[in-house]
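>
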Amino acid sequence: MSRLAPGRALTEQRFQQLYGAPEPRGRPTGTLRRRVARGCRCSGAAALRLLRRRLPIAAWLPGYRLGPWLLGDALAGLTVGIVHIPQGMAFALLAAVAPVYGLYTSFFPVILYMLFGTGRHVSTGTFAVVSLMTGSVVEQLVPWPLVPNATSAELARVEERRIGVAAAMAFLVGLLMLAMFVLQLGFLATYLSEPIVKAFTNGAALHVLVSQLPSLLGLALPRHTGSFTIFKTLASVAQALPRTNVAELLISALCLALLVPIKEINSRFRSKLRTPIPGEIVVVLVATGVCFASSLDTRYDVQIVGHLPAGFPQPRLPALQSLPQVLGDTVAIAFVAYAVSVSLAMIYAEKHGYTIDPNQELLAHGVSNLISSLFTCFPSSATLATTNILESAGGHTQLAGFFSGAVVLMVLMWLGPLFRYLPKAVLACINVTSLRQMVLQFWDLPELWRISRIDFGRVHGAGQSSQHGNLPACPTPQQGTGAAGPGRDLGLPATHLGQAG
1 MSRLAPGRAL TEQRFQQLYG APEPRGRPTG TLRRRVARGC RCSGAAALRL LRRRLPIAAW
61 LPGYRLGPWL LGDALAGLTV GIVHIPQGMA FALLAAVAPV YGLYTSFFPV ILYMLFGTGR
121 HVSTGTFAVV SLMTGSVVEQ LVPWPLVPNA TSAELARVEE RRIGVAAAMA FLVGLLMLAM
181 FVLQLGFLAT YLSEPIVKAF TNGAALHVLV SQLPSLLGLA LPRHTGSFTI FKTLASVAQA
241 LPRTNVAELL ISALCLALLV PIKEINSRFR SKLRTPIPGE IVVVLVATGV CFASSLDTRY
301 DVQIVGHLPA GFPQPRLPAL QSLPQVLGDT VAIAFVAYAV SVSLAMIYAE KHGYTIDPNQ
361 ELLAHGVSNL ISSLFTCFPS SATLATTNIL ESAGGHTQLA GFFSGAVVLM VLMWLGPLFR
421 YLPKAVLACI NVTSLRQMVL QFWDLPELWR ISRIDFGRVH GAGQSSQHGN LPACPTPQQG
481 TGAAGPGRDL GLPATHLGQA G
């Protein structure tokens, strides 16, 4: 049998002559009901495989290597848990809710991801970008009253409404991710190219920096929302500068003078340090002790965290009546949270030689957000800082999340009241210094200009839109895929049509 001559078109008839015709498919036998019943049957072995696939801890825990892995997981988990305490309280302020809700969000999603996640080195919890996007919506729907004589009961009702909206957003983020999991839409993360994600996070970092200026200076200012938020906030800060609280300004300066060098040391000597220097927890403990001993809150009007209730929150439904109002912004938050989370998981999976399941990650983060919302948590995702710490501290598996959660649990159950006198200016400093990695991404722009002018233009456009617009308007797939070619940004192989003749 002769093969196809070069330059000759391959028709269906010629293909069948060369390689044979496909066998005719027989008609399905049995009634529709019987065929459906056969398709729904599941043997014991198949059920076990499904359980291990959808509950990954059932697959890796029986083969856990106690000797080589347990010490590394314990040390990494304890280190991450210590970082979660100040970071969770700080990012709760970005989400426009009380600091204790940041501790809840640093516990429940961590434990749930340990059960359902496939990223061995991923640390979940509060994330600055997601928290700020959440806070922007909460501020719009439930603005904080600026009336000086508002009663404590009125302020408590406002706080309840705020966490109700934030928890409703977490509930909706979970529903959206679970719907994407059912539809097997894990591939959508590839529609956001790396430069576009960096551009958006750069813009979000600038939003965070500007939003923390009032807390750094001790100014009680309204939180602006909508377009040109950065310029509105800067204008308000400039007008209120004469009212700066000198005590809080001094606290901020001292904390930044300590945290910035520690961040630099941790970054430069990462390979030599067994565990990163826990600068945040040191600053929190020292500032809390000084504020308590010197009565800075009463003598110099320093804003403090206040009462942190001990124990677990009672499970309850979030403010579901606000779902229609937050739907559009929550879609953006869900997309950004998943894109960041799966990107981090893929980076460390490739580094350590294992694979993750993007669709299972949708299930893991969907379940984490949905169930956590019932315990007054706001939207969560994987976090860059604690993921880096977990990996560099020697973590091997998701079991590190158990030790991390144990540290936060101790604070929730017994140690929470000790942080009553923590100055809010310290939390603002933690927020600012946590953005070091995002701010440094600005230095990548000249290199990107030399590599691809098209990517540079798209990055610049995405960054400008996130800086000047309303933050929840995340980069769209059109921005992320642009005109750089289908194979490059969509994660699909480049194909070319031939000619028949």
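So the sequence shown is numbered by full-length UniProt numbering: it starts at 1 and just counts up by one.
The C-beta atom is built at its ideal place from N, Cα and C for all residues, glycine as well.
(1) Output yes or no for whether 8 Å exceeds the beta carbon distance between Thr126 and Glu361.
(2) Return the bridge partner residues of Pro423 from the DSSP annotation.
(3) Classify Gly125 as helix, strand or coil using the three-state DSSP reduction.
(4) What did DSSP end up calling Ser381 once you bin it into helix, strand or coil?
(5) Between which two residues does the alpha helix (DSSP H) containing Gly174 stretch?
(6) With distances taken from CA atoms, which of Lys351, Val367, Asn369 and Val342 is nearest Asp357?
(7) Which two residues bound the contiguous alpha helix (DSSP H) that contains Asn369?
(8) Mapping the DSSP letters down to three states, classify Asn202 as helix, strand or coil.
(9) Are the beta-carbon atoms of Asp301 and Asn369 separated by less than 8 Å?
(10) Going by Cα to Cα distance, which pick from Leu71, Val173, Val426 and Ala393 is closest to Gly289?
(11) Please tell me whether Leu435 and Leu209 are closer than 8 Å, where the distance is taken between their beta carbons.
(12) So for Ala96, helix, strand or coil by DSSP?
(13) Check residue 517 in the structure and name its three-state DSSP category.
(14) Indicate the three-state DSSP secondary structure (helix, strand or coil) for Ala310 in the structure shown.
(15) Assuming Lys424 and Val305 form a contact by the criterion Cβ under 8 Å, report the distance between their Cβ atoms to the nearest whole angstrom.
(16) Please report the distance separating the alpha-carbon of Arg223 from that of Met346.
(17) Verify whether the separation of the beta carbon atoms of Cys377 and Tyr19 is less than 8 Å.
(18) When you compare each of Arg162, Arg450 and Ser123 to Ser392 by their alpha carbons, which one comes out closest?
(19) Cutting at 8 Å between CB atoms, please list the residues of its own chain near Pro278, excluding the five before and the five after it.
(20) With DSSP collapsed to three states, give me the class of Lys351.
(21) How many Å lie between Val130 and Ala406 at the Cα?
(22) Examine chain C for any beta-carbon lying closer than 8 Å to the beta-carbon of Ala247, and answer yes or no.
(23) According to DSSP, is Asn245 helix, strand or coil?
(24) Compare the C-alpha of Ala382 against each of Phe107, Val326 and Ala59 and name the closest.
(25) My output table needs one value for Lys272: the three-state DSSP class, helix, strand or coil.
(26) Given a cut-off of 8 Å on the beta-carbon distance, is the pair Ala400 and Leu390 in contact?
(27) Which of the three DSSP states, helix, strand or coil, is assigned to Leu344?
(28) In the DSSP assignment, find the alpha helix (DSSP H) that holds Ala240 and state where it starts and stops.
Let's see:
(1) Residue numbering aside, residue 126 sits at position 126 when the sequence shown is read from its first letter. Residue numbering aside, residue 361 sits at position 361 when the sequence shown is read from its first letter. The Cβ atoms of Thr126 and Glu361 lie no closer than 8 Å to each other.
(2) Along the sequence shown, one-based indexing puts residue 423 at 423. DSSP, once it has assigned bridges, lists Ile304 as partnering Pro423.
(3) Mapped onto the sequence shown, residue 125 falls at position 125. Looking at Gly125 - three-state DSSP - the assignment turns out to be strand.
(4) The residue labelled residue 381 in the question sits at position 381 within the sequence shown. Secondary structure of Ser381 (DSSP, three-state): strand.
(5) The residue given as residue 174 occupies position 174 in the sequence shown. For Gly174, the uninterrupted alpha helix (DSSP H) segment begins and ends at Ser152 to Val182.
(6) As a position in the sequence shown, residue 357 is number 357, starting the count at 1. The shortest C-alpha separation from Asp357 is found at Val342.
(7) As a working mapping, residue 369 is identified with position 369 in the sequence shown. Start and end: Pro358 to Ser373.
(8) Taking the sequence shown and counting its residues from 1, one reaches residue 202 at position 202. Reduced to three states, the DSSP call for Asn202 is helix.
(9) Within the sequence shown, the letter at position 301 stands for residue 301. Within the sequence shown, the letter at position 369 stands for residue 369. No, they are not a contact pair.
(10) Within the sequence shown, numbered from 1, the residue matching residue 289 stands at position 289. Nearest neighbour of Gly289 by Cα position, chosen from Leu71, Val173, Val426 and Ala393, turns out to be Val426.
(11) Taking the first residue of the sequence shown as 1, we reach residue 435 at position 435. Taking the first residue of the sequence shown as 1, we reach residue 209 at position 209. For the pair Leu435 and Leu209, the CB atoms are nearer than the 8 Å cut-off.
(12) Taking the sequence shown and counting its residues from 1, one reaches residue 96 at position 96. In the three-state reduction of the DSSP assignment, Ala96 falls in the coil class, being assigned neither a helical nor a strand state.
(13) A question about residue 517 goes unanswered here, because the residues of the chain that appear run from 1 up to 501.
(14) Position 310 of the sequence shown, counted from the start, is the residue given in the question as residue 310. It is coil, neither helix nor strand.
(15) The count along the sequence shown starts at 1 and reaches residue 424 at position 424. The count along the sequence shown starts at 1 and reaches residue 305 at position 305. With a Cβ gap of about 6 Å, Lys424 and Val305 count as contacting.
(16) Your numbering for residue 223 matches position 223 in the sequence shown. Your numbering for residue 346 matches position 346 in the sequence shown. In this structure, the straight-line span from the alpha carbon of Arg223 to that of Met346 is close to 36 Å.
(17) Position 377 of the sequence shown holds residue 377. Position 19 of the sequence shown holds residue 19. Contact: no.
(18) Counting from 1 along the sequence shown, the entry for residue 392 is found at position 392. Comparing Cα positions, the closest option is Ser123.
(19) By 1-based counting over the sequence shown, the position of residue 278 is 278. So the list reads Thr79, Ile82 and Val83, once near-sequence residues are dropped.
(20) Indexing the sequence shown from 1 puts residue 351 at position 351. Helix, per DSSP.
(21) Taking the sequence shown and counting its residues from 1, the one referred to as residue 130 is at position 130. Taking the sequence shown and counting its residues from 1, the one referred to as residue 406 is at position 406. Counting only the Cα atoms, Ala406 lies some 24 Å from Val130.
(22) Considering every chain present, this structure includes no chain C. It has just one protein chain.
(23) Counting from one through the sequence shown, the residue named residue 245 turns up at place 245. DSSP places Asn245 in coil when its eight states are reduced to three.
(24) Taking the sequence shown and counting its residues from 1, one reaches residue 382 at position 382. The option with the nearest alpha carbon to Ala382 is Phe107.
(25) Along the sequence shown, one-based indexing puts residue 272 at 272. DSSP places Lys272 in coil when its eight states are reduced to three.
(26) Counting from one through the sequence shown, the residue named residue 400 turns up at place 400. Counting from one through the sequence shown, the residue named residue 390 turns up at place 390. Taking 8 Å as the cut-off, the beta carbon of Ala400 is found closer than this to the beta carbon of Leu390.
(27) For this step, residue 344 is matched to residue 344 along the sequence shown. Reduced to three states, the DSSP call for Leu344 is helix.
(28) Taking the sequence shown and counting its residues from 1, one reaches residue 240 at position 240. Segment Thr229 to Ala240, the alpha helix (DSSP H) holding Ala240.
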